[in-house]
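Count along the sequence shown from 1, add 47, and you get the number used in this note's numbering.
Note that CB positions come from ideal geometry on N, CA and C, so glycine has one too.
Note that the structure is predicted; figures quoted are calculated from it, not measured.
Just below is one structure, and these are the notes that go with it.
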Amino acid sequence: MSQARKIVILPGDGIGPEIIAEGRKVLDAINEQYNLGLSMETCVFGGAAYDETGTPLPESTLNACRDSAAILLGAIGGPKYDKAPRELRPERGLLGLRSELGLFANLRPALLYPELAAASSLKPELVAGLDLMIVRELTGGIYFGQPRGIEERNGERVGFNTMVYSESEIRRIGIRAFEIARQRGSRLCSVDKMNVLEVSELWREIMIDVSKDYPDVELTHMFVDNAAMQLVRAPKQFDVMVTSNLFGDVLSDAAAMLTGSIGMLPSASLNEAGQGMYEPIHGSAPDIAGKGIANPLATILSVSMMLRYTLKEAEAADAIDAAVAQVLAQGYRCQDIATGQSEEKVINTTEMGDAVIAALQVGVDA
Ligand SMILES: NC(=O)c1ccc[n+]([C@@H]2O[C@H](COP(=O)([O-])OP(=O)(O)OC[C@H]3O[C@@H](n4cnc5c(N)ncnc54)[C@H](O)[C@@H]3O)[C@@H](O)[C@H]2O)c1
Ligand SMILES: CC(C)[C@H](C(=O)O)[C@@H](O)C(=O)O
Ligand SMILES: [Mg+2]
């Protein structure tokens, strides 16, 4: 049984502990301000857990996660682990956790804060007002399909994976996406590769079937290659996108840059029971780890999603969103979202966390 108010924190590797320290600061502050009664437990996970215990997802961590209402994850992985046996790599720990907890619905919102229009990789007029939600299926598809492996065939090695989706897996992510679309702009674009893949043919058929229960939501379909192009051509045409595990992974990193940086994109991964894991969509960023410059806002916004989606504390979530908006309006930027404009104040990871806390405080005093 999951405990209603227990949050498990998994710092992970690389910049994970740096950004989690800031997420935790905000979580502690909001817990106190809003009297939320949350209890926090930090567990070892990913490469750090492999180093300490020989496995990226120790039983004790998995049990703590099972027993929690929500999980806040930093990031895992790094070059140090690329030579470890595949089943023991940090990424396998992450996939294991998603799968064990049944976190099939991955919500990745790409929202442009107006102050960051200049940091976007697209022209400001193409991204002004961007508010897109990518709904990525997270526990199926080619990430988990069998058979998989590398084996000797006809005197050479062959690598193979299987992209597989059952009707029920497609239906449940479809329902989740239609429900989300209904609460937003009522437009859902299902992204597939139906022109080539049988698995996508079934995906499209089931999406059309699910749409019969949502006559108020407009369903469109797009091939994934076109979707990638449309995302960088005219991203505002999209309201909600629903897609498979691999396509969603790729499209969400691309969408991140529309908002200024991958350091801005939070995510929620939910199961049927509403339990959730919350994490920035980026990785452990080995190239900047230890430098104190990682942008913690994606993690802080993941805390906001946790309050909104699992803990049903919309007011506290709104307060964090407002604090982040205020900090950006004040000109505070981590390096990744700085553009060299004179009104910008470039600050480090810790200072960004502090700025959000200060903005939350102002919100309370006001
Ligand atoms: N959920 C996760 O834990 C997760 C997600 C993606 C990748 N990974 C792992 O992370 C490792 C590195 O992967 P990668 O380099 O392909 O992707 P990455 O997302 O870690 O980094 C890509 C680029 O974005 C920058 N970046 C990422 N987050 C940032 C932030 N918060 N602030 C500023 N800049 C940021 C990095 O410096 C890097 O230049 C790999 O081991 C990968 O498997 C983990
Ligand atoms: C680290 C990796 C397993 C993960 C994924 O591919 O799902 C990451 O890229 C993500 O987007 O969360
Ligand atoms: Mg990814």
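- Within 10 angstroms of its Cβ, does R204 collect 16 or more other Cβ (buried), or is it exposed? Taking the sequence shown and counting its residues from 1, the one referred to as residue 204 is at position 157. With fewer than 16 other Cβ atoms within 10 Å, it is exposed.
**OP:** Assign F225 to one of two classes, buried (16 or more other C-beta atoms within 10 Å of its C-beta) or exposed (fewer than that).
**Re:** In the sequence shown, the residue the question calls residue 225 occupies position 178. Buried.
- Taking only heavy atoms of ligand 2 into account, decide whether any of them is closer than 8 Å to the Cβ of I220. By one-based count along the sequence shown, residue 220 stands at place 173. Not under cutoff, so the answer is no.
Margin query: Between P333 and G61, how many whole angstroms is the CB-CB distance? I'm expecting something under 8 Å.
Written below: For the purposes of this step, residue 333 is identified with residue 286 of the sequence shown, where counting begins at 1. For the purposes of this step, residue 61 is identified with residue 14 of the sequence shown, where counting begins at 1. P333 to G61, Cβ: 5 Å. Contact.
Own chain, CB closer than 8 Å to L142, minus 5 neighbours either side, in chain order:
Mapped onto the sequence shown, residue 142 falls at position 95. The answer, listed in chain order, is Y190, F191.
### Query
Hey, is I328 close to ligand 3, as in C-beta under 8 Å from one of its heavy atoms?
The residue labelled residue 328 in the question sits at position 281 within the sequence shown. It does: the Cβ of I328 is within 8 Å (strictly closer) of some heavy atom of ligand 3.
- [ ] Could you tell me the boundaries of the alpha helix (DSSP H) in which T108 lies?
- [x] Position 61 of the sequence shown, counted from the first residue, corresponds to residue 108. Its alpha helix (DSSP H) spans residues 106-113.
For the stretch 222-273, which segments carrying the beta strand (DSSP E) assignment without a break, of at least 3 residues, lie completely within its bounds, in sequence order? 234-239, 265-270
If we require 3 or more residues per run, which beta strand (DSSP E) segments fall completely within the stretch 315-400?
315-317, 323-325
Can you confirm whether the stretch 280-287 touches the stretch 99-117 when touching is taken to mean that 3 or more C-beta pairs between the two stretches lie within less than 8 Å? no
Option in A341, V350, A345 with minimal Cα separation from G323: Translated into positions along the sequence shown, residue 323 becomes position 276. Closest option to G323, Cα to Cα, is V350.
- Message: Rounding to the nearest angstrom, what Cα-Cα distance links V479 and E79 in this structure?
- Response: No information on residue 479 is available, as it lies outside the stretch 48 to 413 that the chain covers here.
* Determine the direct distance from the alpha carbon of G176 to that of V271, and round the result to whole angstroms. => As a first step, residue 271 must be located in the sequence shown, where it is residue number 224. As a first step, residue 176 must be located in the sequence shown, where it is residue number 129. Whole-angstrom Cα-Cα distance: 23 Å.
Distance cut-off 8 Å: D296 Cβ against heavy atoms of ligand 3: For the purposes of this step, residue 296 is taken as the residue at position 249 of the sequence shown. It does: the Cβ of D296 is within 8 Å (strictly closer) of some heavy atom of ligand 3.
Check your understanding: Which runs of the beta strand (DSSP E) fall wholly inside the stretch 103-186 and span at least 3 residues, in chain order?
Key -> 117-122, 152-158, 178-184
Short check: CB of F207 to CB of G196, under 9 Å? On the sequence shown, residue 207 is found 160 positions in, with the first residue counted as 1. On the sequence shown, residue 196 is found 149 positions in, with the first residue counted as 1. In this structure, G196 lies closer than 9 Å to F207 by Cβ.
For the alpha helix (DSSP H) that contains R71, what are its first and last residues?
Here residue 71 corresponds to residue number 24 of the sequence shown, with the count starting at 1. Note, R71: alpha helix (DSSP H), 63-80.
Requested in this report: From the DSSP output, in three-state form, read off M288 for me.
Outcome: Taking the first residue of the sequence shown as position 1, residue 288 is located at position 241. Reduced to three states, the DSSP call for M288 is strand.
**Request:** Using 10 angstroms around the beta-carbon of E134, count the other beta-carbons present and answer buried if the total reaches 16, otherwise exposed.
**Result:** The count along the sequence shown starts at 1 and reaches residue 134 at position 87. It is exposed - the Cβ of E134 has fewer than 16 other Cβ atoms within 10 Å.
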